[in-house]
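Enquirer: Got a structure here, written out as structure tokens. Questions coming.
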Amino acid sequence: MAAVDKAAVENERSGRARPVVWMTEPPPADRVANTIPNAAEVSRVVQSGSIGGDVLTGGQKVTIGAGSQVVLSGNPAVPAMESLSPSQSASRIPPTRLFLGRSAELARLDAVVGESGRAAVVAVHGLGGVGKSTLAARFAGLHADRFSFVWWVVADSAAALATGLAEVSAAVAPETRSLPLEERAELGTRWLASHDGWLLVLDNLTGPAEVAELVARVRTGTIVITSRLGVGWQGVAATVAVDVLPAADAEELLARIVRDQWPDADLSGAEALCAELGWLPLAVEQAAAYLAQTMITPTVYLDLLSKYPARMFTATAEGSDAHRTMARIWHVTLDRLADTPLAGQLLHLLAWWAPEDIPRAFLSSTDELAVHEALGKLAAYNMITLGPTTITVHRLVQAVSRTPDPADPHRQPDDIATARDLASSTLASRVDGLDPERPADWPHYQAVLPHAQALMDRTAPEVDTPDMSALLSWLGSYLIGRGAVSVVFHRRAVHGRRRHHGPDHPETLAARNNLAHAYTAAGSVDQAIVLLTTLLADCMRALGSAHPGTLTVINNLAGAYREAGDIDQAFQLFEVALAERERVLGRAHPDTLATRSNMAEVHWRVGDRDQARVLMEATLAERERILGSDHPDTLTSRNNLAEMFREFGEVDRALALFQACLADCERTLGADHPHTSVVRNNLAGTYQTAGAVDRAIPLFEAALADRARLGSPDHPNVLGLRNNLAGAHRDLGDLDRAISLFEDAFRDATRILGADHRMTKVIQDNLDHVRRLRASGSSEDGLSGGVDVC
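For the sequence shown, position 560 matches number 1471 in this note's numbering, and the numbering has no gaps at all.
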């Protein structure tokens, strides 16, 4: 009764008589969504505002007409939210975990928010686990004194957002805690809209649609949003992107967490571990906590991660959140992408390749639009970084995506195996039908190479498909042509060919021949001879003595003996190969011409100059006629003939031919082609022979730079060039420089080839000779000491 009397007095004061409506509790099923957002609230009396009809206020339903007044019965008083000012102690900021670096991101966030406390909305976005929430909490903690009120809301769903806004109401007006959730959320929103100088953090928001209504109504204060979604914020919020930690910060984070519990921990391998985890803060923290608890080193953790990835991705220290692990952190994102199955399929495929510079052309499909849309969604949620022509995937996203887990719907074993096989067939299709010795095709091989290497490193040979074996064989041939070591590729190809086709299949035998050739090119001639000797017997048995494949093995075995210095054995085998190739293939066949060129060289080495010259000149003429003057084989013949002229003392003739050959190689093959580098080295050696050492040294240096850039710096040809450059400095009289270069080359040759290798011994002899020269004070020549480069 007192409530009615008070209401009547209020009406009298206002001078406006209004009908009074008594409210009763509605039945449980009778829910009303409307509230009174613009009503003025005084004690228990609510005057109607801008909305009429069925209204929910204080948990009660009433129909309000124009000029009506509502009196609440049995419910708590609702304060006037517009007039309330919270105390600073009412703020809620989560404790900041160990925080390192991020100065650029903090500065960007601070710049967007501004110093004046003006209205601002900013979305901090990035990959799950990258540290968005930590950054927001750090910002809020650093600048809490700038704001009158700071509140943190977990906003990963509509219900969670409503709960967070309701908690704002309870924080500024504790007496509202007993009101229904919907009304408290409305009161919290009204408080935000009618005050400024506050900071509201909405953590882990799905996207801009979930906050659009709030932002439209609340145009004061500052809202900081964290979200995995990186697109769609235009017109809603400014954005701050968060990436992984710099390597040094990631290592420091790991060290601090571990040493907090284990002060004298051995952290050897920390750099490699952080790199393997892709410097993702969540992963580094998970690993560090595990290291501290189990007291193992980062090196041991890396080994466990390699052996048991599925278990280690979920392994946490006691007391850690099992839902925030490497294995589970991206579940939410993948669930949101469930309406685009192709996105998950593409992520599985991308997981098998190198993490960076994946050409988008690899994903060409009959449904081009669907691929673009799926990639766009993955990029929107920061699961990939999408460029106009390439894709980048975080290495840990890859690792988790390719690790099967029967309990995880996003990582079913069959799906991952299918993606693995598709990864190999996709790469193989990019180079199928191309020529690994043709420079115009090299960009295609180079684009595929790092991703094939990654795929090979991430799979066991037992799961290689025929496509994978073919791919590795093609890439191995490409690498040999580029002057790089390719033994690993050819060895794996042999394993696959044997498993799929059997030991005597022509493709298996061809793969074994290619492996031996790779050993020869890498300077492991003894190993090549062993392989080719066994292979020749198998080819004779399986293919026959006159089969072109058998004749190729005879030719290659002869070449290996030649490289090993056994000229007599090489001579006999080349004679057999030449006679049989002339009979079976014909005198003008390119393979026959190759053997004839080899035969000319062994005649030269045994001192039969006349026959060597006849064969060499005849081969060059035939290659020019059949293959053309610009064919690589023709250029090789021209180089070999020039080298022969130099050896015969016809230096001027050699110089002229080398100069013309170098110009042709640069014009047709390119300045950095291995053949071009060989000719440049030989021209330099000819200048050295002619006494023009000052002209030789720049050419040796250029050839060395070319080969070091094209292939492995440990390739035998690079060691040969380093020996030749040292010899040129010796001839110039700069003995100190020569000794330094010889010492470096000898040390590396011993490490790479072994002390007994022919090249190692040549370099050692040259080094000893120059040391004797310096000791005697003489600068006379003595040893030629040059090494052939091929």
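Think of the CB as a built atom: it goes at the ideal place given N, C-alpha and C, for glycine as much as any other residue.
In the DSSP assignment, the beta strand (DSSP E) including PHE1060 goes from what residue to what residue?
Expert: Here residue 1060 refers to the residue found at position 149 of the sequence shown. From DSSP, the beta strand (DSSP E) with PHE1060 extends over 1060-1065.
Enquirer: Do you know whose CA, among GLY1665, SER1335, VAL1436 and SER1384, lies nearest PHE1714's CA?
Expert: This structure cannot settle anything about residue 1714, because the visible part of the chain is limited to 912 through 1701.
Enquirer: Between the C-alpha atoms of LEU1442 and HIS1668, what's the straight-line distance to the nearest angstrom?
Expert: As a position in the sequence shown, residue 1442 is number 531, starting the count at 1. As a position in the sequence shown, residue 1668 is number 757, starting the count at 1. Looking at the two C-alpha atoms, the distance is approximately 18 Å.
Enquirer: Please list the terminal residues of the continuous alpha helix (DSSP H) segment that includes ALA1048.
Expert: If you number the sequence shown from 1, residue 1048 lands on position 137. Its alpha helix (DSSP H) spans residues 1043-1053.
Enquirer: Excluding the five sequence neighbours on either side, which residues of its own chain have a C-beta within less than 6 Å of the C-beta of THR1419, listed in chain order?
Expert: The count along the sequence shown starts at 1 and reaches residue 1419 at position 508. Around THR1419: ARG1408, ARG1409 and HIS1412.
Enquirer: Could you pull out every residue in the same chain whose Cβ sits closer than 6 Å to the Cβ of ASP1415, ignoring the five residues on either side in sequence?
Expert: For the purposes of this step, residue 1415 is taken as the residue at position 504 of the sequence shown. Around ASP1415: ALA1453.
Enquirer: DSSP state of ALA1704, grouped into three classes?
Expert: Missing from the structure shown is residue 1704; the chain here goes from 912 to 1701 and no further.
Enquirer: Count the other CB atoms within 10 Å of the CB of LYS1218; is the residue buried (16 or more) or exposed (fewer)?
Expert: Within the sequence shown, numbered from 1, the residue matching residue 1218 stands at position 307. Answer is exposed; the Cβ neighbour count stays below 16.
Enquirer: In whole angstroms, what is the alpha-carbon distance linking ARG942 and VAL1122?
Expert: As a working note, residue 942 is residue 31 in the sequence shown. As a working note, residue 1122 is residue 211 in the sequence shown. Any answer about ARG942 is weak, because its pLDDT of 37 lies below 50 and its placement is not dependable; what the coordinates show is given next. Their Cα atoms are separated by approximately 24 Å.
Enquirer: Can you say whether PRO1085 is buried or exposed, counting buried as having 16 or more other CB atoms within 10 angstroms of its CB?
Expert: Along the sequence shown, read from residue 1 onward, the residue named residue 1085 stands at position 174. By the neighbour-count rule (16 or more Cβ atoms within 10 Å), PRO1085 is not buried but exposed.
Enquirer: Assuming ILE1295 and LEU1286 are in contact, meaning their beta carbons sit under 8 Å apart, how far apart are those beta carbons, in whole angstroms?
Expert: Numbered from its first residue, the sequence shown carries residue 1295 at position 384. Numbered from its first residue, the sequence shown carries residue 1286 at position 375. At roughly 7 Å, the Cβ-Cβ gap stays under 8 Å, so ILE1295 and LEU1286 are in contact.
Enquirer: Any idea what DSSP makes of SER1651, helix, strand or coil?
Expert: Within the sequence shown, the letter at position 740 stands for residue 1651. Helix at SER1651.
Enquirer: Between ALA1055 and SER1000, what straight-line distance do the alpha-carbon atoms span, to the nearest angstrom?
Expert: Looking up residue 1055 in the sequence shown gives position 144. Looking up residue 1000 in the sequence shown gives position 89. Their Cα atoms are separated by approximately 11 Å.
Enquirer: If we ignore side chains and look at the alpha-carbon of each, how far apart do ASP1477 and LYS1672 end up?
Expert: For the purposes of this step, residue 1477 is identified with residue 566 of the sequence shown, where counting begins at 1. For the purposes of this step, residue 1672 is identified with residue 761 of the sequence shown, where counting begins at 1. ASP1477 and LYS1672: Cα-Cα distance of roughly 16 Å.
Enquirer: Under the rule that 16 or more other beta-carbon atoms within 10 Å means buried, what is LEU1156, buried or exposed?
Expert: Reading the sequence shown from its first residue, position 245 is the one you call residue 1156. Looking at its Cβ environment, which holds 16 or more other Cβ atoms inside 10 Å, LEU1156 is buried.
Enquirer: For ILE1168, which three-state DSSP category applies?
Expert: The residue you call residue 1168 lines up with position 257 of the sequence shown. Residue state, collapsed to three classes: helix.
Enquirer: One question on the structure: do LEU1717 and ARG1049 come within less than 8 Å of each other, judged by their Cβ atoms?
Expert: In the structure as shown, the chain begins at 912 and stops at 1701. Residue 1717 is therefore absent and cannot be evaluated.
Enquirer: Please list the segments of the beta strand (DSSP E) lying wholly inside the stretch 1192-1231, counting only runs of 3 or more residues, in order along the chain.
Expert: Complete beta strand (DSSP E) runs here, min 3: none at all.
Enquirer: Taking Cβ to Cβ, would you say LEU1468 is nearer than 8 Å to THR1506?
Expert: To locate residue 1468, count along the sequence shown from 1; it is residue 557. To locate residue 1506, count along the sequence shown from 1; it is residue 595. No; because the gap between Cβ atoms is not below 8 Å, this pair is not in contact.
Enquirer: Can you have a look at VAL1200 and say buried or exposed, based on whether 16 or more other CB atoms are within 10 angstroms of its CB?
Expert: Here residue 1200 is taken as the residue at index 289 of the sequence shown, counted from 1. Per the sequence presented here, residue 1200 reads as Ala, with Val not at that position. Answer is buried; the Cβ neighbour count reaches 16.
Enquirer: Any idea what DSSP makes of ALA1152, helix, strand or coil?
Expert: Against the sequence shown, residue 1152 aligns to sequence position 241. In the structure shown, ALA1152 sits in a strand (DSSP, three-state: E or B).
Enquirer: Under three-state DSSP, which class holds ILE975?
Expert: Residue 975 sits at position 64 when you count from the first residue of the sequence shown. Note that ILE975 scores 45 on pLDDT, short of 50, meaning its location in the model is unreliable; the coordinates nonetheless yield the value given after this. In the structure shown, ILE975 sits in a strand (DSSP, three-state: E or B).
Enquirer: Skipping 5 residues on each side, what residues in its chain have a beta carbon closer than 7 Å to that of ALA1686?
Expert: Against the sequence shown, residue 1686 aligns to sequence position 775. Around ALA1686: no qualifying Cβ.
Enquirer: Taking Cβ to Cβ, would you say VAL1079 is nearer than 8 Å to GLY1099?
Expert: To locate residue 1079, count along the sequence shown from 1; it is residue 168. To locate residue 1099, count along the sequence shown from 1; it is residue 188. Result yes, Cβ atoms of VAL1079 and GLY1099 sit closer than 8 Å.
Enquirer: Based on the DSSP output, what are the partners of PRO1270 in its beta bridges?
Expert: Within the sequence shown, residue 1270 is the residue found at index 359, counting from 1. Answer by DSSP bridge pairing, in chain order: THR1301.
Enquirer: Using a beta-carbon distance below 8 Å, is LEU1333 in contact with chain C?
Expert: The structure shown has no chain C; it contains just one protein chain.
Enquirer: What did DSSP end up calling TRP1109 once you bin it into helix, strand or coil?
Expert: The residue given as residue 1109 occupies position 198 in the sequence shown. The answer is strand: DSSP assigns TRP1109 an E or B state.
Enquirer: For THR1137, write down the residues that DSSP places opposite it in a beta bridge.
Expert: For the purposes of this step, residue 1137 is taken as residue 226 along the sequence shown, with counting starting at 1. According to DSSP, which records beta bridges pairwise, THR1137 is partnered with VAL1035.
Enquirer: Would DSSP call THR1296 helix, strand or coil?
Expert: Taking the first residue of the sequence shown as position 1, residue 1296 is located at position 385. Strand.
Enquirer: Output the distance between the C-alpha atoms of ASP1232 and ARG1057, rounded to the nearest integer angstrom.
Expert: Numbered from its first residue, the sequence shown carries residue 1232 at position 321. Numbered from its first residue, the sequence shown carries residue 1057 at position 146. Their backbone Cα atoms lie some 32 Å apart in a straight line.
Enquirer: Please name the residue or residues paired with ASP1114 in a DSSP beta bridge.
Expert: By 1-based counting over the sequence shown, the position of residue 1114 is 203. Paired residues: VAL1065.
Enquirer: Skipping 5 residues on each side, what residues in its chain have a beta carbon closer than 6 Å to that of ALA1226?
Expert: Working through the sequence shown from its first residue, we reach residue 1226 at position 315. Cβ within range, chain order: TYR1201.
Enquirer: By the three-class DSSP mapping on this structure, what secondary structure does LEU1636 have?
Expert: In the sequence shown, counting from the first residue as 1, residue 1636 sits at position 725. In the structure shown, LEU1636 sits in a helix (DSSP, three-state: H, G or I).
Enquirer: CA-CA distance, ILE962 and ALA1166?
Expert: Stepping through the sequence shown from its first residue, residue 962 is reached at position 51. Stepping through the sequence shown from its first residue, residue 1166 is reached at position 255. With a pLDDT of 39 at ILE962, under the threshold of 50, the modelled position of this residue cannot be trusted, and the question is left open.
Enquirer: Tell me, to the nearest whole angstrom, how far the beta carbon of LEU1462 is from that of ALA1488; I am working on the premise that it is less than 8 Å.
Expert: For the purposes of this step, residue 1462 is identified with residue 551 of the sequence shown, where counting begins at 1. For the purposes of this step, residue 1488 is identified with residue 577 of the sequence shown, where counting begins at 1. Confirmed, about 6 Å.
Enquirer: Taking the straight line between their C-alpha atoms, what separation do you get for GLY1631 and ASP1645?
Expert: Counted from its first residue, the sequence shown places residue 1631 at position 720. Counted from its first residue, the sequence shown places residue 1645 at position 734. Looking at the two C-alpha atoms, the distance is approximately 19 Å.
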